[in-house]
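Colleague:
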Amino acid sequence: MRPKHPVALITGASTGIGAATARALASEGYHLALGARRVAEVRTLAEELGAEHGIRTFASALDVRSTGSVKTFVDAAAASLGAIHMVVNNAGLARGVDPMATVPESVWREMFDTNVDGVLRVTQATLPYVRAAGWGHVVFLGSTASHGVYDGGSAYCGTKHAVKAFCETLRLELCGEPIRVSTVDPGMVETEFSVVRYGSKDKADAVYRGMTPLRAEDIAECIRWVLSLPDHVNIDEIIVKPRDQAAFTRVHRRPQV
Ligand SMILES: NC(=O)c1ccc[n+]([C@@H]2O[C@H](COP(=O)([O-])OP(=O)(O)OC[C@H]3O[C@@H](n4cnc5c(N)ncnc54)[C@H](OP(=O)(O)O)[C@@H]3O)[C@@H](O)[C@H]2O)c1
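Residue numbers (the working numbering): 428 to 684.
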């Protein structure tokens, strides 16, 4: 049964969609475990949300590329907050748009280690707690790149196709248990994502020039809604794109004055 104040664990909560989701869930009274490599950011956010909403928070360093870091974070979060009911597998990144023929090994390894292995690590570490809690929800951050491909997207699209497969497999394996499994799959969202991918703010700005992208808060609202539905309702998948983006390569851009 849904507790009055479920505990949600969010990876990659230092900025972007993860931080916006923390804000959205705090306003609903969730207790929060927030992790990212930039620990100062997650600690500041946790303190702010705890003071503003009277919720309990746990914030600590988390690197999803390290099994030890994931286990330490998850165990400490559960010990601090008493349970883990919800997991938002959000930490992720893209690096560059190198063609498959030449994408450097270090680049595709970083994406797979974070987006694929990281999601497996967090899921394995948290699932025993979610099962023990007797009620829960696992949410994945997929992408429109879970559903299609584009030039230069081999590694990133590969990772997000894997996340889609994880989500669908976990739902099969948990069928009959009181745990829902969902994926929220955005198109273009203006966060630090493109700065990380292209290596500069100027290049990132060019991605959104002349069009209106989604905001992190739009995705947080999708996640909040998916979690808020009655227990018998499982939203398998949400694909959410800006109105200006009909497809990867079909983006409406207004002339710049
Ligand atoms: N923005 C988009 O257009 C878009 C579209 C579709 C899907 N997505 C997905 O949405 C998720 C969030 O992206 P975003 O747009 O919010 O990007 P963002 O603003 O760059 O945020 C990414 C978050 O992931 C964290 N992170 C990265 N590597 C990590 C690691 N090794 N360990 C722990 N945390 C790590 C970052 O924190 P630290 O750097 O502090 O560790 C940061 O909090 C990702 O999975 C991304 O693939 C984004």
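Using N, Cα and C, we set each Cβ at its ideal position, and we do this for glycine too.
Enumerate, from N- to C-terminal direction, the unbroken alpha helix (DSSP H) stretches of 4 or more residues contained entirely within the stretch 581–629.
Modeller: Runs found: 581–601, 620–625.
Colleague: Along the chain, where does the beta strand (DSSP E) containing L436 start, and where does it finish?
Modeller: 434–438 is the span of the beta strand (DSSP E), which, as asked, contains L436.
Colleague: Determine the direct distance from the alpha carbon of G569 to that of T484, and round the result to whole angstroms.
Modeller: Cα to Cα, T484 sits roughly 26 Å from G569.
Colleague: Tell me the DSSP bridge mates of M513?
Modeller: The partner list for M513 (beta bridge, DSSP) reads A435, H564.
Colleague: State the start and end residues of the unbroken beta strand (DSSP E) segment that holds V667.
Modeller: From DSSP, the beta strand (DSSP E) with V667 extends over 664–667.
Colleague: Please report how far the alpha carbon of H480 lies from the alpha carbon of V546, in whole angstroms.
Modeller: Their backbone Cα atoms lie some 29 Å apart in a straight line.
Colleague: Compute every distance between the C-beta of A518 and the non-hydrogen atoms of ligand 1, then say whether any falls below 6 Å.
Modeller: Indeed, a heavy atom of ligand 1 lies less than 6 Å from the Cβ.
Colleague: If I follow the unbroken beta strand (DSSP E) through L459, where does it start and stop?
Modeller: Start and end: 458–463.
Colleague: Using 10 angstroms around the beta-carbon of W652, count the other beta-carbons present and answer buried if the total reaches 16, otherwise exposed.
Modeller: Answer is exposed; the Cβ neighbour count stays below 16.
Colleague: Since F500 is in the beta strand (DSSP E), which residue starts that stretch and which ends it?
Modeller: No beta strand (DSSP E) contains F500, which is instead part of the alpha helix (DSSP H) from 494–508.
Colleague: Would you kindly check if the distance between the Cβ of F567 and the Cβ of T596 is under 7 Å?
Modeller: It is not a contact, given that the beta carbons lie outside the stated cut-off.
Colleague: Whose CA, out of R680, S533, G603, I606, lies closest to the CA of D671?
Modeller: Considering only alpha carbons, the answer is R680.
Colleague: What did DSSP end up calling R677 once you bin it into helix, strand or coil?
Modeller: In the structure shown, R677 sits in a strand (DSSP, three-state: E or B).
Colleague: Where does S487 sit, in a helix, a strand or coil, going by DSSP?
Modeller: Strand, per DSSP.
Colleague: Tell me which same chain residues have a C-beta within less than 6 Å of the C-beta of L520, skipping the five on either side of it?
Modeller: Excluding positions up to five away in sequence, the list reads T541, V623.
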